[in-house]
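Asks: Please read through the structure below; I'll follow up with questions.
Residue numbers (the working numbering): 19 to 118.
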């Protein structure tokens, strides 16, 4: 599991094969959208977004918080290889203003 503490009004983009990834809002509030999904999702503390398809996921932090990014436990071996943490971290970009 990768856990990220992010101040409000910041954006995190997660690229790569996202099917099988969960993004959990551990604290605070977050807005999530995913490429090719017409819906947006609002998460509050304790809620989880489960990606069902590939495509960039954008997370905007509405209220200071912590999000965690994790693989679903029932993911197949092939999916786990595609989503190795090393590869996922390389594709994780945060847009946080300098000076924080």
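Where a beta carbon is used, it is the ideal one built from N, C-alpha and C, also for glycine. All values reported here derive from a predicted model rather than from experimental measurement.
1. Cα separation between residue 85 and residue 56?
2. Confirm, please, whether the CB-CB distance from residue 82 to residue 26 is below 8 Å.
3. Return the CA-CA distance between residue 89 and residue 40, expressed in angstroms with no decimal places.
4. Does residue 36 pass the burial test, meaning 16 or more other C-beta atoms within 10 Å, or should it be called exposed?
5. In terms of residue numbering, what span does the beta strand (DSSP E) encompassing residue 47 cover?
6. Would residue 34 and residue 69 be called neighbours here (beta carbons separated by less than 8 Å)?
7. Quick check on DSSP: helix, strand or coil for residue 23?
8. Mark residue 53 as exposed unless 16 or more other C-beta atoms lie within 10 angstroms of its C-beta, in which case mark it buried.
Replies: The short version:
1. Along the chain shown, read from residue 1 onward, the residue named residue 85 stands at position 67. Along the chain shown, read from residue 1 onward, the residue named residue 56 stands at position 38. Approximately 22 Å, taken between the alpha carbons.
2. Numbered from 1 along the chain shown, position 8 holds the residue referred to as residue 26. Numbered from 1 along the chain shown, position 64 holds the residue referred to as residue 82. Between residue 26 and residue 82, the gap from beta carbon to beta carbon is short of 8 Å.
3. On the chain shown, residue 89 is found 71 positions in, with the first residue counted as 1. On the chain shown, residue 40 is found 22 positions in, with the first residue counted as 1. Answer to the nearest angstrom: the Cα atoms are 6 Å apart.
4. Locating residue 36 in the chain shown gives position 18, where the first residue counts as 1. Sixteen is the threshold: when 16 or more other Cβ atoms of the shown chains lie within 10 Å of the Cβ of residue 36, as they do, the residue is buried.
5. Position 29 of the chain shown, counted from the start, is the residue given in the question as residue 47. For residue 47, the enclosing beta strand (DSSP E) stretches over residues 39-52.
6. The residue given as residue 34 occupies position 16 in the chain shown. The residue given as residue 69 occupies position 51 in the chain shown. Pairing residue 34 with residue 69 gives a Cβ-Cβ distance that is not under 8 Å.
7. On the chain shown, position 5 is the one that residue 23 refers to. If DSSP states are grouped into helix, strand and coil, residue 23 belongs with the strands.
8. Residue numbering aside, residue 53 sits at position 35 when the chain shown is read from its first letter. Exposed, since its Cβ has fewer than 16 Cβ neighbours within 10 Å.
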